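Everything in the sequence shown is counted per the UniProt record's numbering, starting at 1 for the first residue and increasing by one.
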Amino acid sequence: MTDEAGGNPDEIRGEAANAAELANAMTGLRETFTDIMDGVRKAAVEEECAEGYSKFKEKYLDDITDVENHGMELARNLDAGGAEIGATDDDTSDSYESPWPGLSRPVNGPSGTPTPANGRTVY
1 MTDEAGGNPD EIRGEAANAA ELANAMTGLR ETFTDIMDGV RKAAVEEECA EGYSKFKEKY
61 LDDITDVENH GMELARNLDA GGAEIGATDD DTSDSYESPW PGLSRPVNGP SGTPTPANGR
121 TVY
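Written as structure tokens, this is what we have:
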């Protein structure tokens, strides 16, 4: 990470696409976890094992749901952040001023071109 403020909207757009792909892969994570835990519970021969799977599912189901939601939120936030940086860049590009002062006269322009006494234009 640099010490600079700001960001590159093109790079952020690429990362947002990666996050969206990850979020899509996480869609349905809660249901998949539930199906797996229900399946292994049914396959457990001993009741003690079956109860253990039920307790595990109960303990971690909310965490799995949080992971799914965080993945979706990450994708949305990266996309929105990149869009805002791009919009800010667009809004401020017309008012950008260099830190160096400009000349008070045009440079190499027709109205600012010096003409010597012989009438020839000097470049």
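Note that the Cβ used here is the ideal one computed from N, Cα and C, for glycine as well. Keep in mind the model is a prediction, meaning the values are calculated, not measured.
*Express the C-alpha separation of Val45 and residue 150 in angstroms, rounding to a whole number.*
Examination of residue 150 is not possible in this model, given that the chain is present from 1 through 123 alone.
*asked:* Suppose you measure from the CA of Gly14 to the CA of Trp100; what does that come to, to the nearest Å?
replied: Taking C-alpha positions only, Gly14 is separated from Trp100 by approximately 34 Å.
*Taking the alpha-carbon positions, what's the Glu47 to Ala20 distance?*
Approximately 41 Å, taken between the alpha carbons.
*May I ask you to verify whether the region 63-70 touches the region 24-39, counting CB pairs closer than 8 Å and requiring at least 3?*
Counting C-beta pairs closer than 8 Å gives three or more between the region 63-70 and the region 24-39, which meets the contact rule.
_Exposure label - Gly71; buried when at least 16 CB within 10 Å_ = Gly71 should be labelled buried.
_Helix, strand or coil at Asn77 according to DSSP, with G and I counted as helix_ = DSSP places Asn77 in helix when its eight states are reduced to three.
*Could you tell me the boundaries of the alpha helix (DSSP H) in which Asp35 lies?*
Taken as a continuous stretch (DSSP letters only), the alpha helix (DSSP H) holding Asp35 covers Leu29 to Ala43.
_Short Cβ contact (8 Å threshold) for Leu61 with Phe33_ = Yes, the pair counts as a contact, with Cβ atoms nearer than the cut-off.
*Does the separation of the CB atoms of Met37 and Lys55 fall below 8 Å?*
Between Met37 and Lys55, the CB-CB gap reaches or exceeds 8 Å.
*In whole angstroms, what is the alpha-carbon distance linking Arg41 and Asp63?*
One Cα belongs to Arg41, the other to Asp63, and the distance between them is close to 19 Å.
*Between Ala16 and the rest of its own chain, which residues show a CB-CB distance below 7 Å, the 5 nearest in sequence each way excluded?*
In its chain, beyond the 5 residues on either side, Ala75, Leu78, Asp79 and Gly82 have a beta carbon closer than 7 Å to the beta carbon of Ala16.
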